[in-house]
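See structure below.
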Amino acid sequence: MPTKFKYYTTALLLLLLSQAALAQPDATSPTEKKEHLKSEYFTLRYKPQVGTTLYDIETVVTHHLENGKVFPVYSRTQIAYENIAVDLRKNRWTFDRYFTKFTTFDRDSTIKEIGSINKTTRMTYSMIGEEIAKRVVDTVQLSEDAQFLFYFFKAPKILLPLPEQRVLYGATWEDSRQDTVRVPGGTFYYDVKYHYKFDGVLDTLGGTAAVITSRQEGIFYGEQQRPGEQALHFDGPISGVDTTYLDLLTGRVASRITGVRIPVNVTASHGKPSTDALEVRSTIFLNKSNMKVTHVHED
1114 MPTKFKYYTT ALLLLLLSQA ALAQPDATSP TEKKEHLKSE YFTLRYKPQV GTTLYDIETV
1174 VTHHLENGKV FPVYSRTQIA YENIAVDLRK NRWTFDRYFT KFTTFDRDST IKEIGSINKT
1234 TRMTYSMIGE EIAKRVVDTV QLSEDAQFLF YFFKAPKILL PLPEQRVLYG ATWEDSRQDT
1294 VRVPGGTFYY DVKYHYKFDG VLDTLGGTAA VITSRQEGIF YGEQQRPGEQ ALHFDGPISG
1354 VDTTYLDLLT GRVASRITGV RIPVNVTASH GKPSTDALEV RSTIFLNKSN MKVTHVHED
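If you want our numbering, it's the 1-based position in the sequence shown plus 1113.
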C-alpha cells in the first residue's frame, strides 16, 4: 500500500503541474524559448579557399529624372577571388580580385569601356574582414558616362567586417567607408556608415548560413563643370539595406542582396535647381562551380 500510494501521489503531482503549464503557456514558454535561442554563441569568420572563388553579380541602376523619365542601366558581371597566400599565424589572407566578365548596357546600347574591364587588385584581409593592404595592379580610364556609373558597378565589398569576439543572435556593430570618384571636370564623394546586425542562422541545402543584415546611411556630394557648360553641384542622402548569407562551415559568402536609394539635389550656377533620384539593386551569388567541391584551409 505505501508503495502504491507514493506512485499515485507522484502521478497526480505531475498531472497537476502539466495542467498548470498548459493553462498559462504565454507566461512561460515564449520567454524560455527565447532564452534558449540566445544561449548559443557563434564565431563568424572567413576561411580562405584553395584556388579561385567565383561570384556572379547582377546590378541595375535606375536614374529617375524630375520630369518623370526613367533611365535604367544594367550590369551582369563575374568576379574572381584568386587565392595567393595564407598566413594563419598572422591571421592574414592575400588574394587577387578581378573581373572575368563585365557587361553593362541600357535599353539601347552597351557602354564599350566598361565591357572591356578585366583588371586586377591584390588585397590582404584578416579572417574577420579587416582590409590590411590593397594594391591596384592595373587600372583603366573610363569615359565620362561610364565613370559616374562605375561607382555602382565596380567590384563590391563582399568581405564585410565581422565581430572579433563570439556573438549571440542580435549582436550589432558598425563600420564606415568613404569613396571618391573623379570624373572629367569634377569629383564625387560617397560617405556611408554601415550598421550591421547578426539576425540569426538559416539552414540551407548545403549547410548553415549566418544571416547578417546591414542598414546604410550617409551623404553623397560633388561638383562638375564640363568645358563650355555651367557648373553643377550635387548632394543628397544615401540610404540602403542589404542582407549577407555567410556559410558557417566553409567561411565564404554564399550570397548578398543590396538596395540603395539616393535622392540627388542638382544645383546649377545658372538656372533652376532640380531633384533626381538614383536607385540601385544588386544581387551577388556564389557561382555554382564553387559548390561542387569545397576546399578549405584548416587551422
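Note that CB positions come from ideal geometry on N, CA and C, so glycine has one too.
Cβ shell of residue i (< 6 angstroms), same chain only, five flanking positions each side left out
| i | result |
| --- | --- |
| Asn1378 | Asp1348, Gly1349, Thr1388 |
| Asp1316 | none |
| Arg1279 | Tyr1154, Thr1156 |
| Asp1288 | Pro1274, Tyr1307 |
| Gln1338 | Gly1298, Ala1344 |
| Phe1301 | Val1294, Gly1335 |
| His1346 | Glu1336, Thr1380 |
Cα-Cα separation, residue i to residue j
| i | j | result |
| --- | --- | --- |
| Arg1374 | Ser1352 | 6 angstroms |
| Leu1362 | Tyr1159 | 10 angstroms |
| Phe1215 | Lys1203 | 34 angstroms |
| Thr1166 | Lys1385 | 49 angstroms |
| Pro1161 | Ser1402 | 17 angstroms |
| Lys1267 | Ser1188 | 10 angstroms |
| Pro1211 | Phe1333 | Checking the displayed sequence, the identity of residue 1211 turns out to be Tyr instead of Pro. Spanning the two alpha carbons is a distance of roughly 27 angstroms. |
| Gln1137 | Val1173 | Unreliable placement is indicated for Gln1137, whose pLDDT of 39 sits below 50; no coordinate value is reported for it. |
| Thr1190 | Asp1355 | 19 angstroms |
| Tyr1309 | Tyr1303 | 19 angstroms |
| Leu1391 | His1176 | 5 angstroms |
| Ile1325 | Val1183 | 32 angstroms |
Residue i - DSSP class collapsed to helix/strand/coil
| i | result |
| --- | --- |
| Leu1391 | strand |
| Tyr1264 | helix |
| Asn1403 | helix |
| Ala1322 | strand |
| Val1314 | strand |
| Lys1214 | strand |
| Thr1293 | strand |
| Arg1279 | coil |
| Tyr1334 | strand |
| Gly1299 | strand |
| Phe1398 | strand |
| Thr1207 | strand |
Residue i CB to nearest heavy atom of the ligand ADP below 6 angstroms
| i | result |
| --- | --- |
| Pro1185 | As for the ligand ADP, it is missing from this structure, which has no ligand bound. |
Where the beta strand (DSSP E) containing residue i begins and where it ends
| i | result |
| --- | --- |
| Pro1376 | 1366 to 1381 |
| Ala1284 | Here Ala1284 belongs to no beta strand (DSSP E), and DSSP marks it neither H nor E. |
| Leu1167 | 1165 to 1177 |
| Ala1193 | 1183 to 1200 |
| Thr1357 | 1345 to 1360 |
| Ile1245 | 1244 to 1249 |
| Met1236 | 1233 to 1239 |
Close-in-space but distant-in-sequence residues of the same chain around residue i (CB under 7 angstroms, 5 per side omitted)
| i | result |
| --- | --- |
| Ile1397 | Tyr1168, Ile1170, Pro1269, Ile1271, Ser1368, Arg1369 |
| Gly1242 | Tyr1159, Leu1272, Leu1273, Pro1274, Leu1275 |
| Ile1112 | No information on residue 1112 is available, as it lies outside the stretch 1114 to 1412 that the chain covers here. |
| Ser1382 | Gln1343, Ala1344 |
| Thr1144 | For Thr1144, the pLDDT reaches just 37, beneath the cut-off of 50, and the residue's location in the model is therefore unreliable, although a value from the coordinates is still provided. No residues qualify anywhere along the chain. |
| Arg1328 | His1308, Val1354 |
Cβ-based neighbour list, residue i, same chain, cut-off 8 angstroms, excluding 5 preceding and 5 following
| i | result |
| --- | --- |
| Val1250 | Asp1209, Lys1232, Thr1233, Thr1234, Arg1235 |
| Thr1179 | Looking at the sequence itself, residue 1179 is Glu, so the reference to Thr does not match. Cβ neighbours of Glu1179 beyond the five flanking positions: Ser1387, Thr1388, Asp1389. |
**OP:** Kindly confirm or deny that the region 1284 to 1304 and the region 1179 to 1199 touch, where touching means at least three C-beta pairs closer than 8 angstroms.
**Re:** Verdict: no, contact absent.
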